[in-house]
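Asker:
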Amino acid sequence: MDPGWQTNIEQEQAKGCRRARQRLLTRIVAESLNEVYVFDAASLRFCYANRAALHNLGYTMRQMRTLTPLDLKPEFDPPRFETLLTPLRDGSQPVQVFETIHRRKDGSTYPVEVHLQYLGDETPPLFVAIILDISVRRAAEEALRQSWQFVDTLLDCLGEGVIVYDRHLRYKMWNRYMEEMTGVPASQVVGKCPWETFPFLKDYGAEGLLRRALAGEVVQTPEMRYVIPHSGKSGWNVSIYTPLRTAQGEIDGVVAAVRDTTAYHQMQAQLQENEKMASLGTLAAGIAHEINTPLQIITTASERLLSELAKGTLDLVRQQRYLQSISENAWRVARIVSAVRSYVAPGLPSLTPCDLNQAVHEALLMVENRIKALPVQLEVHLAQELPPVECDRAQVIRALLHLLTNAVDAMPRGGQLTVRSSFDTQSQQVLLSIEDSGEGIPPHLLGRIFDPFFTTKPLGKGDGLELSVVRGILKAHGGSAEVYSEPGKGARFTLRFPLHPPQTPHTDAATTAGRFGEEM
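The sequence shown begins at 23 in our numbering and counts up by one.
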């Protein structure tokens with residue numbers, strides 16, 4: 023066979039393959055669901071538009087050849103469109119991608135994404151544009167935007183702060199509650215780490231708490247005090263950090279729910295102030311009442327004594343009776359003043375290491391006869407090797423005597439008296455408890471039993487100062503006195519003594535009251 027024939031056959035076959043590929047490519051372009059346009063680089067008139075383009079626009083191909091892209095893109099004017107084409111013409115950019123709107127023949131519009139390229143090696147040079155109808159995407163984006171707007175509105179209406187942190191612990195969201203609570207707008211914090219805006223958070227260990235949440239743990243912070251830089255605004259809040267997970271379950275950040283507790287603190291402070299004023303009123307009324315009676319007796323006895331002395335009619339028996347009455351009531355006033363001083367401003371105790379078990383034994387010895395006079399069963403459970411406490415031994419015994427006496431008085435028909443000692447390793451405190459099986463204390467009175475001059479005993483059986491003195495002694499030692507009771511099941515008083523009480527200086531008022539009581 024002639025080699026020339028062979029060459030011609032191969033050439034024809036190659037031409038056939040090229041034509042087949044061209045037909046396939048033409049069909050792909052023509053049948054593409056995306057709009058495809060070709061327009062002249064000089065005149066900008068359309069040379070070609072595929073089936074999808076013609077269908078979406080409503081034009082025929084003949085009509086398209088009389089149009090340019092500017093007829094389809096109402097957002098562009100010639101100078102702006104030329105600015106878009108220039109980087110393609112000079113080769114500085116291979117493709118331009120942008121979003122705009124297309125206007126149909128009937129005047130309606132729809133959003134599109136344009137991918138524009140320049141074919142400068144063609145004769146004549148051409149531009150090719152592939153257009154994506156993004157109506158569905160825009161609708162989805164709008165739905166998503168409205169959804170986020172709804173969520174933002176919902177979060178802004180919540181009665182607590184919501185903060186979202188990204189995986190690098192930078193603020194991602196800061197709702198309106200946080201803006202109002204701190205006075206800091208979201209624009210000043212979003213994108214920053216918390217301690218950049220609020221340095222006090224580093225001192226509270228916020229970074230460690232957030233990283234625990236980022237590791238998958240739900241973390242509740244202790245209540246913390248905040249002070250906003252520059253403005254000086256301050257308050258209290260508490261937060262809960264929760265891991266923020268993606269749809270695949272991966273942790274992508276942290277969500278914090280923040281509640282401002284400043285108003286609660288202010289309310290508590292106001293309640294404490296109200297209670298203090300009420301207690302002060304009770305104290306003043308009680309002092310006036312308790313001191314007025316013995317002073318009247320002293321005044322009356324003194325006047326009669328002076329009157330009878332002047333008349334010369336006073337015999338020795340009446341003289342002794344008057345003096346005895348004056349002396350007894352003067353001591354009564356002195357005891358009241360001393361008790362009030364112990365409650366209001368207890369003096370600094372004389373601290374020495376003391377075995378509180380031994381103090382319990384001494385106090386029990388002093389009330390032994392009263393216990394034996396009634397059918398009271400005594401149980402004593404004292405902890406072994408109790409650590410010594412720095413305290414005023416005499417004051418501790420005095421507090422124990424008051425509680426033991428009250429416990430015995432609460433069981434006039436007998437019962438069980440239990441005394442215990444123990445050591446709380448966590449608080450480093452020694453605990454003494456005195457429990458009786460009497461009638462107990464009504465719940466509505468539990469909050470008042472340590473108030474001075476408050477008593478549930480019958481008239482003449484107590485002046486209501488014993489428990490206030492106990493609380494004053496414990497306060498002077500840096501400890502506390504607690505009570506637990508259920509009606510009909512007795513009462514349990516617990517005294518808490520720290521091993522090393524704080525040293526607090528005397529006040530002048532306390533010193534004066536103490537000297538008066540001691541001298542009397």
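Every residue, glycine too, gets a C-beta built ideally from N, C-alpha and C.
Given I320, which residues of its chain have a CB within under 7 Å of its CB, disregarding the five upstream and five downstream residues?
Answerer: Answer for I320: I348, N351 and A352, listed in chain order.
Asker: Taking the C-alpha atoms as reference points, what is the distance between I21 and V505?
Answerer: Lying before the first or after the last residue shown, residue 21 is absent from the chain, which here runs from 23 to 542.
Asker: Would DSSP call H77 helix, strand or coil?
Answerer: In the three-state reduction of the DSSP assignment, H77 falls in the helix class, which pools H, G and I.
Asker: On a Cα-Cα basis, can you pick out the residue from R126, D62 and R45 that is closest to V74?
Answerer: The sequence given here places Ala at residue 74; Val does not occur at that position. The shortest C-alpha separation from A74 is found at R126.
Asker: Can you give the beta carbon distance from S138 to A151, rounded, assuming they're within the 8 Å contact cut?
Answerer: Looking at the sequence itself, residue 138 is Leu, so the reference to Ser does not match. 5 Å between Cβ atoms; contact.
Asker: In chain order, what residues of the same chain lie with their CB nearer than 8 Å to the CB of M398, ignoring the 5 residues before and after it?
Answerer: Residue identity check: residue 398 is Val in the sequence provided, not Met. Only V430, M433, G436, G437, Q438 and L439 meet the Cβ criterion.
Asker: Please classify V418: is it buried, with 16 or more other beta-carbons within 10 angstroms of its beta-carbon, or exposed?
Answerer: buried
Asker: Which residues in the same chain have their Cβ closer than 6 Å to the Cβ of L396, if we skip the five residues on either side of it in sequence?
Answerer: G436
Asker: Nearest CA to the CA of H424: which residue from F515, K255 and P316?
Answerer: F515
Asker: Do L89 and F103 have their C-beta atoms closer together than 8 Å?
Answerer: no
Asker: What's the C-alpha gap between A64 and Y70?
Answerer: 15 Å
Asker: In the DSSP assignment, find the unbroken beta strand (DSSP E) run with D446 in it and report its ends.
Answerer: G437 to D446
Asker: Could you pull the DSSP bridge partners for P543 from this structure?
Answerer: The chain is shown from 23 up to 542; residue 543 falls before or after that span and cannot be answered.
Asker: Over what stretch of residues does the alpha helix (DSSP H) that includes D377 continue unbroken?
Answerer: Segment: none, D377 is in no alpha helix (DSSP H) and carries neither H nor E.
Asker: Looking at the structure shown, is A208 part of a helix, part of a strand, or coil, going by DSSP?
Answerer: helix
Asker: List, from N- to C-terminal side, the alpha helix (DSSP H) runs of 4 residues or more that fit wholly inside the stretch 201-262.
Answerer: 216-219, 222-225 and 228-236
Asker: Where does L55 fall in DSSP's three states?
Answerer: coil
Asker: State the beta-bridge partners of W196 as determined by DSSP.
Answerer: I185
Asker: Buried or exposed: N391, going by 16 or more other Cβ atoms within 10 Å of its Cβ?
Answerer: exposed
Asker: Since T219 and V206 should fall inside the 8 Å C-beta cutoff, what is the C-beta to C-beta distance between them, to a whole number of angstroms?
Answerer: Yes, they are in contact, since the Cβ atoms of T219 and V206 sit about 7 Å apart, within 8 Å.
Asker: On the three-state DSSP scale, how would you describe G510?
Answerer: Coil, per DSSP.
Asker: Give the DSSP bridge partners of I123, in chain order.
Answerer: P133
Asker: Verify whether the separation of the beta carbon atoms of E201 and R281 is less than 8 Å.
Answerer: no
Asker: If I measure Cβ to Cβ from P409 and keep anything under 8 Å in the same chain, skipping five residues before and after, which residues do I get?
Answerer: F445, V452 and L521
Asker: Pick helix, strand or coil for P108, following the three-state DSSP scheme.
Answerer: Residue identity check: residue 108 is Thr in the sequence provided, not Pro. For T108, the secondary structure class from DSSP, reduced to helix, strand or coil, is helix.
Asker: Could you give the DSSP three-state label for D431: helix, strand or coil?
Answerer: helix
Asker: Within 10 Å of its beta-carbon, does L166 have 16 or more other beta-carbons around it, so buried, or fewer, so exposed?
Answerer: That one is exposed.
Asker: Just the Cα atoms here: how many angstroms apart are A161 and D155?
Answerer: 12 Å
Asker: Look up L481 in the DSSP assignment and say whether it is helix, strand or coil.
Answerer: Annotation note: pLDDT 44 at L481 (below 50); position unreliable, no value reported.
Asker: Please look up how many angstroms separate the CB atoms of D188 and G275, rounded, as I've assumed it's under 8 Å.
Answerer: Under the criterion of beta carbons closer than 8 Å, D188 and G275 qualify as touching, at roughly 5 Å.
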